[in-house]
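One structure is given here, and the rest of the page talks about it.
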Amino acid sequence: MITRIHIRNYRTFKNLNLEPQDGLNIIVGNNEAGKSTLLEAITLVLNGRLNGRWIGEELNPYWFNIDIVNDYFCAVSRGDSVAPPTILIEIYFGKNDEPQRLRGKNNYFHEDCPGIQLCIELDPEYRDYLKRYLESDHPPVLPTEYYQITWKGFDGTPLNRRPIELRTSIIDGRTIRSTRGIDVQTRQMLSDYIDENESVDLSVAYRQARHKLTEDILSKVNTRIKADTQTIHNRNLGLQMDQSSSSSWEYNIVPHIDTVPFSMAGQGQQVLMKIALALKSSEEKSNFIIIEEPENHLSHTSLTKIVKLIETLSCGRQTSIATHSSYVLNRLGLDRLILLHDGDKAKFEDLSTDTIDYFKKQSGYDTLRLVLARKLVIVEGPSDEILFNRAYYDSTGNYPIDDEIDVITQGTRNRRALELCHVLNRSVAVLRDVDQQSPEYWKGKAIDYLEDGKREMFIGYREQGETLEPQIFHANQSREIELKEIVGCPEDKNLCEYMTTNKTEFAWRIASSDKSIDYPQYFIDAIKFIRKL
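Following the numbering used here, the numbering of the sequence shown begins with 97 at its first residue and continues without gaps.
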């Protein structure tokens, strides 16, 4: 299995050192965080290819981390003598894993284990060319024409092709990249079902069929062509079916789903089939599986099937999944999560087992909002969320989301969310009702996850009401008639009781009103706290 992934200066990653787990690894992050880049880097090192082409044919100056490149050109412009940027990507395997012939210490950490290294660096023979390039009026782009690619094992032996022991299945749920209706990876997986004897039989039969077409159908056409051209040329011109390898059966056989050609099936059905094919490949045929955004093109029901397949069939193989789906994350387990952010990572093995199980059971809960938010406000219910958003707007002129603050309804079970925020070292304000206890009681229950100035809990005073509604009433006692009008409370009704009975309705009316109200002090304190972080 892969025990370490080390990436330096490749696209968004300046220096990433990641130790994936055996089995499942779930990779999440905001857009541009590097999820696809990480999977791409793994593919590059294991296969030596990208998009079906040799690395050298795909080499691009924008593979190099833009900050490293800019620093290099700034240093050159100052007259500093600095080495040109290089890209280093390494995959480390367990010490006793195959292929042992790749075992050695020729790696960044001088670790004695099997592994593969990909290095993209300046070719020494082109050093003078680079010097002249830098002395000329040049754009701030590395001339990769002067670079060389070294792909080798940790034993120091150069590689020309993927080691046969390392088989990788790649499924991209984002797009259906096709070659004659089917992508290269899916074609390869399907061809694995055809053994060598069957392949030979297919080749012979296909060649015979093309020859028969030439003899039976095209012979009449060739007779007419010969009659029309013999006066201008002394050799016979004619047509025949192509017998070259480029037209062999492998390029003309078309998979189908219930008699419908694969390329004509819905994209969701294609994704389902591709993932199922990869997962059902035997362990000997595929020991690494890479799945990018399996949720794309899939209904919730289909996604449920795929997640169940991933759960049951990924055993014995290292499977890396990049996703934006909270359902995928919750079902497969937060302890399998790798969070990428600004080219760095966080892992979640420190979460308690019962919290991991809790989120697995809450498969519909939007866990990714907790994981990806920069700053969080956690509230108990929909009315709290509605009123906090309006209170924030009245205080700042913006809604929380405008300031990159996520307000999330968690109910009274906020300890789970706090534990997750603690593991992530996330900034969070928690608002909750006092509920027949003291504020100190609730803060004491969460003491392990709170941190002054980082993660704090805000609770109303008990004498001002045990829940949100009496807290709002108390803050607006001097404006009771006006508040009654805003929330639509009948004159003969008790305002506090009306709001308690119509929780979401009264909150919505306040949020929709062109008049502002006064808010409980714990709302105001929470707004000040989250804004200064």
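Where a beta carbon is used, it is the ideal one built from N, C-alpha and C, also for glycine.
Cα-Cα separation between residue i and residue j, rounded to whole angstroms
{"i": "residue 450", "j": "residue 259", "result": "41 Å"}
{"i": "residue 363", "j": "residue 228", "result": "51 Å"}
{"i": "residue 598", "j": "residue 565", "result": "10 Å"}
{"i": "residue 499", "j": "residue 547", "result": "22 Å"}
{"i": "residue 557", "j": "residue 590", "result": "22 Å"}
{"i": "residue 265", "j": "residue 384", "result": "6 Å"}
{"i": "residue 628", "j": "residue 482", "result": "22 Å"}
{"i": "residue 543", "j": "residue 425", "result": "27 Å"}
{"i": "residue 40", "j": "residue 268", "result": "Here the chain has residues from 97 to 629 only, and residue 40 is not among them."}
{"i": "residue 372", "j": "residue 404", "result": "11 Å"}
{"i": "residue 277", "j": "residue 311", "result": "Because residue 277 sits at a pLDDT of 44, beneath the cut-off of 50, its placement in the model cannot be relied upon, and the point is left open."}
{"i": "residue 427", "j": "residue 400", "result": "9 Å"}
{"i": "residue 307", "j": "residue 296", "result": "17 Å"}
{"i": "residue 593", "j": "residue 365", "result": "53 Å"}
{"i": "residue 250", "j": "residue 213", "result": "7 Å"}
{"i": "residue 423", "j": "residue 515", "result": "19 Å"}
{"i": "residue 682", "j": "residue 497", "result": "Residue 682 lies beyond the range of the chain shown here (97 to 629); nothing can be said about it."}
{"i": "residue 575", "j": "residue 614", "result": "9 Å"}
{"i": "residue 111", "j": "residue 117", "result": "19 Å"}
Residue burial classification, residue i (beta-carbon count within 10 angstroms, cutoff 16)
{"i": "residue 313", "result": "exposed"}
{"i": "residue 433", "result": "buried"}
{"i": "residue 540", "result": "exposed"}
{"i": "residue 370", "result": "buried"}
{"i": "residue 205", "result": "exposed"}
{"i": "residue 396", "result": "exposed"}
{"i": "residue 493", "result": "exposed"}
{"i": "residue 572", "result": "buried"}
{"i": "residue 305", "result": "exposed"}
{"i": "residue 352", "result": "exposed"}
{"i": "residue 256", "result": "exposed"}
{"i": "residue 551", "result": "buried"}
{"i": "residue 532", "result": "exposed"}
{"i": "residue 336", "result": "exposed"}
{"i": "residue 413", "result": "buried"}
{"i": "residue 577", "result": "exposed"}
{"i": "residue 133", "result": "buried"}
{"i": "residue 518", "result": "buried"}
Counterpart residues of residue i in DSSP-defined beta bridges
{"i": "residue 189", "result": "98"}
{"i": "residue 209", "result": "200"}
{"i": "residue 553", "result": "526"}
{"i": "residue 121", "result": "416"}
{"i": "residue 249", "result": "212"}
{"i": "residue 658", "result": "Because the chain is modelled from 97 through 629, residue 658 falls outside the range shown and cannot be assessed."}
{"i": "residue 384", "result": "264 and 414"}
{"i": "residue 581", "result": "BP columns for residue 581 are empty, so no partner."}
{"i": "residue 146", "result": "149"}
{"i": "residue 183", "result": "216"}
{"i": "residue 316", "result": "DSSP lists no partner for residue 316."}
{"i": "residue 227", "result": "In the DSSP output, where bridge partners are listed per residue, residue 227 has none listed."}
{"i": "residue 79", "result": "This structure leaves residue 79 out entirely; the chain is present only between 97 and 629."}
{"i": "residue 103", "result": "112 and 185"}
Segment limits, beta strand (DSSP E) that includes residue i
{"i": "residue 621", "result": "From DSSP, residue 621 is part of no beta strand (DSSP E) but of the alpha helix (DSSP H) over 617-628."}
{"i": "residue 108", "result": "Where residue 108 is concerned, there is no enclosing beta strand (DSSP E), given that its DSSP letter is neither H nor E."}
{"i": "residue 471", "result": "471-475"}
{"i": "residue 265", "result": "264-268"}
{"i": "residue 635", "result": "This structure does not reach residue 635, given that the chain is present from 97 up to 629, and the question cannot be answered."}
Residue i - containing alpha helix (DSSP H), residue span
{"i": "residue 304", "result": "292-312"}
{"i": "residue 567", "result": "564-571"}
{"i": "residue 173", "result": "162-173"}
{"i": "residue 467", "result": "463-468"}
{"i": "residue 449", "result": "449-457"}
{"i": "residue 595", "result": "591-597"}
{"i": "residue 427", "result": "422-428"}
{"i": "residue 546", "result": "Segment: none, residue 546 is in no alpha helix (DSSP H) and carries neither H nor E."}
{"i": "residue 512", "result": "510-520"}
{"i": "residue 491", "result": "478-492"}
{"i": "residue 538", "result": "535-541"}
Residue i Cβ short of 7 Å to the ligand PLP heavy atom set
{"i": "residue 529", "result": "With respect to small molecules bound, the structure shown includes none, and the ligand PLP cannot be examined in it."}
Closer than 8 Å to chain C by CB, residue i
{"i": "residue 99", "result": "Here chain C cannot be found, since the structure has a single protein chain."}
- Can we say the stretch 180-200 touches the stretch 102-112, given the rule of at least three CB pairs closer than 8 Å? yes
- Tell me, please, whether the stretch 148-159 touches the stretch 193-211 by the rule of three or more beta-carbon pairs shorter than 8 Å. no
- Query: Are there three or more Cβ pairs, one per stretch, closer than 8 Å when the stretch 416-429 is compared with the stretch 118-138?
  - Reply: yes
- Message: When you compare the stretch 598-612 with the stretch 502-512, are there three or more beta-carbon pairs, one atom per stretch, that lie closer than 8 Å?
- Response: no
- Task: Determine, using beta-carbon pairs with one atom in the stretch 136-152 and one in the stretch 163-178, whether at least three such pairs fall under 8 Å.
- Result: no
- Would you check if the stretch 580-589 and the stretch 606-613 touch, i.e. whether three or more CB-CB distances between them fall below 8 Å? yes
- Message: Counting beta carbon pairs with one atom in the stretch 458-477 and one in the stretch 517-529, are three or more of them shorter than 8 Å?
- Response: yes
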